[in-house]
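J.: Okay, handing you the structure first.
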Amino acid sequence: MRSRGRAALLGLTGIGLLLAGWTIAARKLDNSILLPPPTALLTGLRETVLDGTLVRDLAASLKRVLSGFSLAAATAIALVVVTVSFRPVRQLVMPVLALLRPIPPIAWVPIAILWFGLGDSPSYFVTAVAAFFPIFINSLAGVGIVEEQHLRAARCLGAGRLALIRFIYFPSALPNLFTGLKIGLGQAWMAVVTAELVAAQSGLGYMIELNRLQLETQRVLVGMLVIALVGALMTLSLSWAENLLFPWRQKYRRKGAP
Amino acid sequence: MAHEQLAHSSRQDADASPRQPLPGRGAITLEGLSVRFREGGRDTVALTNVDLAISPGEFVAILGPSGCGKSTLLNVIAGFERPSLGSVRVDGDAVTAPGPERPVVFQQHSLFPWMTALDNVAFGLRMAGHVSARAHATHYLGLVGLADYHDRYPHELSGGMQQRVGLARALAVEPSILLMDEPFGALDAQTRVLMQEQLLRLWEQWRHTVVFVTHDLDEAIFLADRIVVLGLLPNILRGTFDVALPRPRGRGARASAAYQGLYDVLFDLIRQESLKTFAATGTVTEL
């Protein structure tokens, strides 16, 4: 308990030092376009909330990230089921995926604009690409980590092939699948902002790019702050859901396993 | 009020006597059993030419130094592994796959971590399409004294409790044979003795066949009707010993002269077998 309080105190101190350093730097630089002081965040926040742009852009980004993420999750999980069930399919698709995986999501943006034009569609595509790989790779690894002893125990209690898949393979893979979803959502959130910088007419990425052009730096910073907060909130809530859904994993995690 | 509860619980206990396995079921016959593995490009011999007949209701301990193939013997009876030569029969039928008439209690970590204790115990019953799996499982969890822990997950239970749930899970399918692979080997000495006593109390009511693998002499003598000793290099059956201790056995059993006599005989035999690995290692280094 004491060490937790200490950690919280140090964490707050870190944020305080950042703000202090920022304030000093802004004062020395004395250029509100290059670096406005932290207090300008509050001004920017009030402006963007009052004129409704913040809510509108946040909603646009969330809609895109959820659509792209859902698309990726559905595709990745379906592909895992197929590759696990049919060995030749696995041998067929794995080299293709290994080739596509190193391409960063942002490198897909130009071709996505060519294919889908400006609007929501390129963002869906880029977000889905970003989320796909972590989900696919983690759930595939999850299928591999089933404990031989659990299979044996189930078989000697009368479980057949279908029962093994439903009651042993599936729950064994579930925590890894969830880890994949968690990482995938984080990747998708970063990718959507990237895509919106160039390929959209709304969203938080678009908002910070537009305000850069209009030299409203305090609004750029508000956009960045909201991106950070929403991303952190997504990760935190999924970690919380993870502990709720897979209570037996907490013990492993505390021992340092993934 | 208290009296009413007492009356109720004693009525439950009356209902709680486990169903006996069908009389005469649970015979195991091994004939000329040999098991070889291919491991890292080399043939490893786990068992050579083992003949053994176990009668229905018999409690047999398989004893031997590590590496003697005692777990392999159990795995072959369970149907996890196939014999390279020879045959394994249960009540006359050749064993080809695992089945709920001979469930296994493993050494540790075999409970399904995503299921509560109750769901673990109910698993085999659900596989069999049992109509009241939950009620039945509750009863068996009660038999091992864990009724109050029905909604706990395995990681919330101690090692001993986990093994009791594992035992209840195997008993719940009402098998004619119970296969136990060093089930108490990972427990502390005190817990192990309590578990042995609990196992005997349950078995004395039930009288199913038990094959119990252990490397612990004391455990083998305390529990079994007959002890089968497996040797090392070659991994053959070294001998079988009847345990002439009266039942029911309690704490006093270990103090008797019969216990001490058998202990000394087995200790010397196992010691000779274990020494072979030391001798063999010595030969290798000399070469």
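The listed protein sequences correspond, in order, to chains A and B.
The working numbering applies: residue 424 is where the first sequence begins, and numbers increase by one.
The working numbering applies: residue 292 is where the second sequence begins, and numbers increase by one.
Glycine residues also receive a C-beta, built at the ideal position from the N, C-alpha and C atoms.
Computed from a predicted structure; not experimentally measured.
1) If you compare alpha carbons, which of B:Glu-447, B:Pro-474, B:His-446 is closest to Ala-459 of chain B?
2) Output the distance between the C-alpha atoms of Glu-470 of chain A and Leu-457 of chain A, rounded to the nearest integer angstrom.
3) Which residue comes first and which comes last in the beta strand (DSSP E) that contains Ile-468 of chain B?
4) Could you have a look at Lys-678 of chain A and say whether DSSP puts it in helix, strand or coil?
5) Can you give me the Cβ contacts of Ile-568 of chain A inside the same chain, cut-off strictly under 8 Å, excluding the 5 residues immediately before and after it?
6) Output, in chain order, the set of chain A residues within a Cβ distance shorter than 8 Å of Ala-419 of chain B.
7) Does the beta carbon of Ser-527 of chain A come closer than 7 Å to any beta carbon on chain B?
8) Tell me whether Ser-301 of chain B sits in a helix, a strand or coil according to DSSP, three-state version.
9) With a threshold of 8 Å, are at least 3 pairs of Cβ atoms found where one atom belongs to the segment 463 to 482 of chain A and the other to the segment 654 to 665 of chain A?
10) Can you list the alpha helix (DSSP H) stretches of 4 or more residues lying completely in the segment 578 to 620 of chain A, in chain order?
11) Please state if the CB of Gly-370 of chain B and the CB of Ala-388 of chain B are separated by a distance shorter than 7 Å.
12) Can you name, in chain order, every residue of its own chain whose Cβ lies under 8 Å from the Cβ of Leu-563 of chain A, other than the five neighbours on each side?
13) Determine whether the beta carbon atoms of Ser-546 of chain A and Arg-635 of chain A lie at a separation below 7 Å.
14) According to the neighbour-count rule (16 or more other Cβ atoms, all chains shown, within 10 Å of its Cβ), is Phe-601 of chain A buried or exposed?
15) Where Gly-491 of chain A and Ile-606 of chain A are concerned, what is the direct C-alpha to C-alpha distance, given to the nearest angstrom?
16) I want to see whether chain A comes within less than 7 Å of Val-395 of chain B, judged by CB atoms only; does it?
17) On a CA-only basis, which of B:Arg-316, B:Leu-364, B:Cys-359 is nearest Pro-347 of chain B? Give me that one, please.
18) With distances taken from CA atoms, which of B:Arg-538, B:Gly-541, B:Asp-410, B:Leu-523 is nearest Gly-360 of chain B?
19) Provide the residue span of the beta strand (DSSP E) that contains Val-519 of chain B, from first to last.
20) Please return the same chain residues whose Cβ sits closer than 7 Å to the Cβ of Arg-443 of chain B, not counting the five positions on each side in sequence.
21) Please state the DSSP three-state secondary structure of Leu-354 of chain B.
22) So that I know if they touch, is there some Cβ in chain B lying closer than 7 Å to that of Gln-589 of chain A?
23) With distance defined between alpha-carbon atoms, name the residue in B:Arg-425, B:Leu-462, B:Asp-533, B:Gln-489 nearest to Ile-353 of chain B.
24) Shorter than 7 Å from the beta carbon of Ala-293 of chain B to some beta carbon of chain A?
25) Using beta carbons (cut-off 7 Å, strictly below), is Ser-401 of chain B in contact with chain A?
26) Quick one: what's got a C-beta closer than 6 Å to Thr-462 of chain A's C-beta in the same chain, skipping five residues either side?
27) Over what stretch of residues does the alpha helix (DSSP H) that includes Asn-561 of chain A continue unbroken?
28) Distance cutoff 7 Å, beta carbons only. Does Pro-404 of chain B sit that close to anything in chain A?
29) Should the segment 607 to 621 of chain A be regarded as contacting the segment 534 to 548 of chain A, the criterion being three or more beta carbon pairs within less than 8 Å?
30) Am I right that Gln-487 of chain B and Glu-510 of chain B are in contact with their C-beta atoms under 8 Å? What's the rounded C-beta distance?
31) Determine the burial state of Trp-538 of chain A: buried for a count of at least 16 other Cβ atoms within 10 Å of its Cβ, exposed for fewer.
32) What does a CB cutoff of less than 8 Å around Pro-356 of chain B pick up in its chain, not counting 5 residues either side in sequence?
33) Mind pulling the beta strand (DSSP E) runs of 3 or more residues that sit fully within the segment 343 to 422 of chain B?
34) Are the segment 391 to 404 of chain B and the segment 412 to 432 of chain B touching by the rule of at least three beta carbon pairs closer than 8 Å?
35) Excluding five sequence neighbours on each side, which residues of the same chain lie with their C-beta closer than 6 Å to the C-beta of Arg-373 of chain B?
T.: On the basis of the data shown:
1) Walking along the second sequence from the start, residue 459 of chain B turns up at place 168. Minimum Cα distance to Ala-459 of chain B is reached at B:Pro-474.
2) Position 47 of the first sequence, counting from 1, holds the residue named residue 470 of chain A. Position 34 of the first sequence, counting from 1, holds the residue named residue 457 of chain A. Computed Cα separation, rounded: 19 Å.
3) Taking the first residue of the second sequence as position 1, residue 468 of chain B is located at position 177. Unbroken beta strand (DSSP E) run through Ile-468 of chain B: 468 to 472.
4) To locate residue 678 of chain A, count along the first sequence from 1; it is residue 255. Its pLDDT being 41, under 50, Lys-678 of chain A is placed unreliably in this model, and the value from its coordinates should be taken loosely. DSSP places Lys-678 of chain A in coil when its eight states are reduced to three.
5) For the purposes of this step, residue 568 of chain A is identified with residue 145 of the first sequence, where counting begins at 1. Once the five neighbours on either side are set aside, the close Cβ partners of Ile-568 of chain A are Ser-595, Ala-596, Asn-599.
6) Start at 1 with the first residue of the second sequence, and residue 419 of chain B comes out as number 128. Going along chain A in sequence order, the residues near Ala-419 of chain B (Cβ under 8 Å) are Gly-581.
7) Numbered from its first residue, the first sequence carries residue 527 of chain A at position 104. Here residue 527 of chain A is Pro; the residue named in the question, Ser, does not match the sequence. Chain B contact via Cβ: absent.
8) Residue 301 of chain B sits at position 10 when you count from the first residue of the second sequence. Summary for Ser-301 of chain B: the model assigns pLDDT 37, below 50, so the residue's position carries little reliability; its value from the coordinates is reported in the next sentence. Helix.
9) no
10) 584 to 587
11) Taking the first residue of the second sequence as position 1, residue 388 of chain B is located at position 97. Taking the first residue of the second sequence as position 1, residue 370 of chain B is located at position 79. Contact: yes.
12) Here residue 563 of chain A is taken as the residue at index 140 of the first sequence, counted from 1. Val-503, Thr-506, Val-507, listed in sequence order.
13) As a first step, residue 546 of chain A is located in the first sequence; it is residue number 123 there, counting from the start. As a first step, residue 635 of chain A is located in the first sequence; it is residue number 212 there, counting from the start. Not closer than 7 Å, so no.
14) Counting from one through the first sequence, the residue named residue 601 of chain A turns up at place 178. Looking at its Cβ environment, which holds 16 or more other Cβ atoms inside 10 Å, Phe-601 of chain A is buried.
15) Taking the first residue of the first sequence as position 1, residue 491 of chain A is located at position 68. Taking the first residue of the first sequence as position 1, residue 606 of chain A is located at position 183. The alpha-carbon atoms of Gly-491 of chain A and Ile-606 of chain A are separated by roughly 14 Å.
16) Looking up residue 395 of chain B in the second sequence gives position 104. Taking Cβ atoms only, chain A reaches closer than 7 Å to Val-395 of chain B, which makes this a yes.
17) Counting from one through the second sequence, the residue named residue 347 of chain B turns up at place 56. Out of B:Arg-316, B:Leu-364, B:Cys-359, B:Arg-316 has the C-alpha closest to the C-alpha of Pro-347 of chain B.
18) Here residue 360 of chain B refers to the residue found at position 69 of the second sequence. Taking only the C-alpha atoms, the option nearest Gly-360 of chain B is B:Leu-523.
19) Counted from its first residue, the second sequence places residue 519 of chain B at position 228. It spans 517 to 521 - the beta strand (DSSP E) in which Val-519 of chain B sits, taken as one unbroken run.
20) Numbered from its first residue, the second sequence carries residue 443 of chain B at position 152. Thr-407, Ala-408.
21) As a working note, residue 354 of chain B is residue 63 in the second sequence. The answer is strand: DSSP assigns Leu-354 of chain B an E or B state.
22) Locating residue 589 of chain A in the first sequence gives position 166, counting from the first residue. A quick correction: the sequence has Arg, not Gln, at residue 589 of chain A. With 7 Å as the cut-off, Arg-589 of chain A does not count as an interface residue toward chain B.
23) For the purposes of this step, residue 353 of chain B is taken as the residue at position 62 of the second sequence. That would be B:Asp-533, whose Cα lies nearest to the Cα of Ile-353 of chain B.
24) Taking the first residue of the second sequence as 1, we reach residue 293 of chain B at position 2. Confidence is the limiting factor: at Ala-293 of chain B the pLDDT is only 40, short of 50, which leaves the residue's position unreliable and the question unanswerable from this model.
25) In the second sequence, residue 401 of chain B corresponds to position 110, counting from 1. Chain A, which has a Cβ nearer than 7 Å to the Cβ of Ser-401 of chain B, makes this yes.
26) Looking up residue 462 of chain A in the first sequence gives position 39. No residues qualify anywhere along the chain.
27) Residue numbering aside, residue 561 of chain A sits at position 138 when the first sequence is read from its first letter. Element bounds for Asn-561 of chain A: 543 to 567.
28) Here residue 404 of chain B refers to the residue found at position 113 when the second sequence is read from its first residue. With 7 Å as the cut-off, Pro-404 of chain B counts as an interface residue toward chain A.
29) yes
30) Counted from its first residue, the second sequence places residue 487 of chain B at position 196. Counted from its first residue, the second sequence places residue 510 of chain B at position 219. About 6 Å; that satisfies the 8 Å criterion.
31) Taking the first residue of the first sequence as position 1, residue 538 of chain A is located at position 115. Its Cβ having fewer than 16 others within 10 Å, Trp-538 of chain A is exposed.
32) Position 65 of the second sequence, counted from the start, is the residue given in the question as residue 356 of chain B. Only His-506, Leu-523, Ile-561, Glu-564, Ser-565, Thr-568 meet the Cβ criterion.
33) 350 to 354, 376 to 381
34) yes
35) In the second sequence, counting from the first residue as 1, residue 373 of chain B sits at position 82. Same-chain partners within the cutoff: there are none.
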